[in-house]
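Single-structure report; data block below.
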Amino acid sequence: MKNKGVKRVLAMAVATVLVLETLPSVTVFAEETESTSVQEDLTEPQQAQREDRSNSWRYKDGTPILSDTAEYLRSSSDAWYEEDGKFYNDQGEEITGAVAKGIDVSKWNGDIDWAKVKATDVDYAIIRCGYGDDETSQDDPYWKTNADACTKEGIPFGTYIYSYADSVTAAKSEANHVLRLIKGYDLSYPIYYDLEENSVREELSTKEIAEVAQTFCSIIEDAGYDVAVYANKDWFTNYLTDSYFDTVDHWVAQYNSTCTYQGEYSMWQCTDSGTVDGIEGKVDLNMDFGAETTNKKPEAVQNLKASSKIGAVNLSWSEVKRADGYLVYGIRGSGKYGYIGMTSKTSFSDTKALTSDYNFYWVFAYRKDSEGNMIAGSAPEKYVYGKAQKCEAVTDLKAYSVSGGVKLTWTKSEGAEGYLVYGIRGEGSYGYIGMTTTGTTFTDKNALRDEYNFYWVFPYHTDGNGNKVAGGTAHYVYGRAGL
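Under mature numbering (1 follows the signal peptide of the UniProt record, and there is no 0), the letters of the sequence shown match residues -30 to -1, 1 to 453, in that order.
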């Protein structure tokens, strides 16, 4: 992946060159615009935009064109699948470097059952938010429904806008269009600028296309979001050739068993004929190769549960797809919220949990970015809590007079690491008598012969701090030392 610092320097350099080269034409255009009266009749490109009448390699007058791969893939419903963390194409060949499988959707996919999608091997979604200028009539009517559903189901998502921009002014409007619609959403994938409209490449030079793209991307980046460019192999090879495009991530479309684009790319749209449960008809499928500019948060942990055991609170939860591990945070008793521990498994035992008060827990999935930094997912829907258990009191405690002492016996307390013996000898004070870790008997060789000796036995476990935590005790017993 390319170095971000290099990207930024290149972007600034390209911006300077573009401004110097295009300044005269921009000035003339502005003068002509000012001297021309506002026309009521829209030009053909404007009219096409208003009516979402796109024309590209994927659309004919606004209607999607199903690729030639559709007929083949109808007999290959298992194509483009994941198994044991690896991804395979329509030929059953492993796709080297793929880290996630996704879909991209728009109004053309209609009503989607996202709960069913969630249950498949689909890891993420790229949702169209709209097309063209910042007008509500050009919002994708399914954007909010799809974005809200992905949020509810915990499906990571990003967005894209279909561009009609033939000027920097139009690019600014399209950027504002996206920013208006994504407000309030937590995007896990970038904002993609969809460059495929035929009229754009027919009207603009490669440098002008770059200027338009850079205007859009700069506004998005300045707003704090990751941005990338979507186009097919033909566009990237023949039209998006300006050096500016080397500074942004590529989402390349090529409907083929392998992607043969020679440049760098972070996502590949591999087919428009995928089949996913919860979506009626065909859907675009994508393979994510881990964009450097993308901070993809893992999903929130689901089915978090807590159970008490002797000396600990055990936590368990469902596996989060492609999480590198899990962070456990919590509050012990009246203490402060903070880090408890971490694990690569879907369970964790807090051996420092309190027995005297409740312990509260939150678990976050995390993944590591290309630099090894942890990116934590969202908080679970709810916290869980519990107390660590103490050992159960011993039972069947008995005392026998034996030569030179009093022998105590009892039944085992489950989970006990040993037993503490406390008592009173004659008229003395209550205090520690002794302990054993080797069984369920103890002989007090200092027991009095002439007076009674009273005994209590406590099972114990050792907590995470190395302290002995005593369990309950049964009734006391007593006896005298034998001769």
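In this text, a Cβ means the ideal position worked out from N, Cα and C, and glycines have one as well.
Rounded C-alpha distance that separates residue i from residue j
i           : j           : result
residue 357 : residue 300 : 13 Å
residue 71  : residue 224 : 15 Å
residue 3   : residue 122 : Caution applies to residue 3, whose pLDDT of 33 falls short of 50 and renders its modelled position unreliable; the value that the coordinates give is listed next. Whole-angstrom Cα-Cα distance: 47 Å.
residue 212 : residue 234 : 14 Å
residue 394 : residue 346 : 56 Å
residue 216 : residue 207 : 12 Å
residue 457 : residue 414 : It is not possible to answer for residue 457, since the shown part of the chain is limited to -30 through 453.
residue 282 : residue 298 : 14 Å
residue 422 : residue 369 : 11 Å
residue 107 : residue 101 : 9 Å
residue 157 : residue 115 : 15 Å
residue 80  : residue 109 : 15 Å
residue 95  : residue 87  : 10 Å
residue 222 : residue 232 : 11 Å
residue 141 : residue 245 : 34 Å
residue 383 : residue 365 : 8 Å
residue 133 : residue 193 : 19 Å
residue 316 : residue 449 : 52 Å
residue 392 : residue 412 : 11 Å
residue 249 : residue 303 : 47 Å
residue 204 : residue 187 : 21 Å
residue 98  : residue 76  : 5 Å
residue 337 : residue 124 : 15 Å
residue 319 : residue 159 : 33 Å
residue 56  : residue 218 : 27 Å
Spatial neighbours of residue i in its chain, beta-carbon cut-off 8 Å, leaving aside the 5 residues before and after
i           : result
residue 161 : 128, 129, 130, 131, 148, 152, 190, 195, 196, 197 and 198
residue 453 : 373 and 419
residue 350 : 270, 271, 272, 274, 287, 332, 333 and 334
residue 59  : 49, 50, 65, 227, 228 and 240
residue 210 : 165, 176, 179, 180, 183, 199 and 201
residue 78  : 34
residue 432 : 281, 387, 438 and 439
residue 313 : 295, 296 and 298
Other residues of its chain near residue i: CB distance less than 6 Å, five sequence neighbours each side excluded
i           : result
residue 389 : 406, 427 and 429
residue 229 : 238
residue 277 : 284
residue 155 : 117
residue 69  : 258 and 260
residue 247 : 86 and 90
Residue environment, residue i, which counts as buried when at least 16 other CB atoms sit within 10 Å
i           : result
residue 378 : buried
residue 150 : exposed
residue 184 : buried
residue 61  : exposed
residue 175 : exposed
residue 343 : exposed
residue 402 : exposed
residue 400 : exposed
residue 167 : buried
residue 307 : exposed
residue 242 : buried
residue 268 : buried
residue 119 : buried
residue 54  : exposed
residue 525 : Given that the chain is displayed from residue -30 to residue 453, the structure contains no residue 525 and the question cannot be resolved.
residue 112 : buried
residue 89  : exposed
residue 85  : exposed
residue 5   : Confidence at residue 5 is low in this model, with a pLDDT of 31, below 50, so its placement is unreliable and no value can be given for it.
residue 74  : buried
residue 454 : Residue coverage of the chain in this structure runs from -30 to 453, which leaves residue 454 outside it and unanswerable.
Proximal residues to residue i (C-beta, below 7 Å), its chain only, five neighbours per side dropped
i           : result
residue 451 : 371, 374, 375, 376, 417, 418 and 419
residue 446 : 424, 425 and 426
residue 67  : 259
residue 91  : 51, 52 and 71
residue 434 : 321 and 322
residue 143 : 103 and 104
residue 436 : none
Distance cut-off 8 Å: residue i Cβ against heavy atoms of the ligand MN
i           : result
residue 384 : The model on display carries no ligand, and the ligand MN is accordingly not part of it.
Length-filtered (3 minimum) beta strand (DSSP E) runs lying within the stretch 326 to 413: 329 to 338, 344 to 346, 354 to 356, 368 to 372, 375 to 379, 388 to 395 and 401 to 406
Meets three-Cβ-pair contact criterion under 8 Å: the stretch 246 to 262 and the stretch 285 to 294: no
Inter-stretch contact at 8 Å, needing at least 3 Cβ pairs: the stretch 324 to 331 / the stretch 351 to 371: yes
Three CB pairs or more closer than 8 Å across the stretch 434 to 451 and the stretch 361 to 373: yes
Runs of alpha helix (DSSP H) wholly within the stretch 60 to 129 (minimum 4 residues, chain order): You should have 84 to 88 and 113 to 123.
Segments of 3+ residues assigned as beta strand (DSSP E) that fall wholly inside the stretch 264 to 322: For secondary structure counted as the beta strand (DSSP E) over 3 or more consecutive residues, the stretch 264 to 322 holds these complete runs in sequence order: 275 to 279, 282 to 286, 295 to 302, 308 to 313 and 317 to 320.
Inside the stretch 221 to 267 only - beta strand (DSSP E) runs reaching at least 3 residues: 237 to 244 and 253 to 258
Length at least 4, wholly inside the stretch 191 to 220: the alpha helix (DSSP H) runs in chain order: 203 to 208
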